[in-house]
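Participant: full-length UniProt numbering numbers the first residue of the sequence shown as 1 and each following residue consecutively. We treat Cβ as the ideally placed atom computed from N, Cα and C, and that holds for glycine. Take a look at the following structure, please.
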Amino acid sequence: MDWVTGLQTGGERSYTSCLVIVERFSKTPIFLPCHKDDTAMDTALLIWNRVISLTGIFKKIISDRDPTLNTVIWTKLHKLFGTKLSISTAYKPQTHGLAKRMIQTWEEIVERLY
1 MDWVTGLQTG GERSYTSCLV IVERFSKTPI FLPCHKDDTA MDTALLIWNR VISLTGIFKK
61 IISDRDPTLN TVIWTKLHKL FGTKLSISTA YKPQTHGLAK RMIQTWEEIV ERLY
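Here it is as structure tokens:
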């Protein structure tokens, strides 16, 4: 799970970021438009409404040291659902590389479209 930030906007209410979730088994990417200033609760609700409600609860979430995921809300959600948050290390791309590579591919596609 990772974020793409700094997206071009079309107006005040336009999305400025995109949350990228990659399901590790099938390598299926999920792109969720969001705002740069979304809170941890906003992100949790977005994931619940757009992903977990369709796919089921994750067993493990791998992310970098993003402050949005390291909050009291997320800690409580992990306990409630029995999921595990794994924080990737800074110099080990194998743990977080799938999301990073998917973001690169997505950015290349968007560049070619616009």
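#1: For residue 131, does the three-state DSSP call read helix, strand or coil?
#2: Determine the direct distance from the alpha carbon of E108 to that of I57, and round the result to whole angstroms.
#3: Are the CB atoms of K60 and K84 within a distance shorter than 8 Å?
#4: Less than 8 Å between the CB atoms is what I'm expecting for T5 and S17, so what's the real figure, rounded?
#5: If we call anything under 8 Å between Cβ atoms a contact, is S63 one with M1?
#6: Any idea if L77 is buried or exposed, counting beta-carbon neighbours within 10 angstroms, 16 or more meaning buried?
#7: Count the other CB atoms, across all protein chains shown, that sit within 10 Å of the CB of W3; report buried if there are 16 or more and exposed otherwise.
Facilitator: The structure says:
#1: As displayed, the chain neither begins before 1 nor continues past 114, which places residue 131 out of reach and without an answer.
#2: 30 Å
#3: yes
#4: The pair is a contact, with the Cβ atoms about 5 Å apart (cut-off 8 Å).
#5: yes
#6: buried
#7: buried
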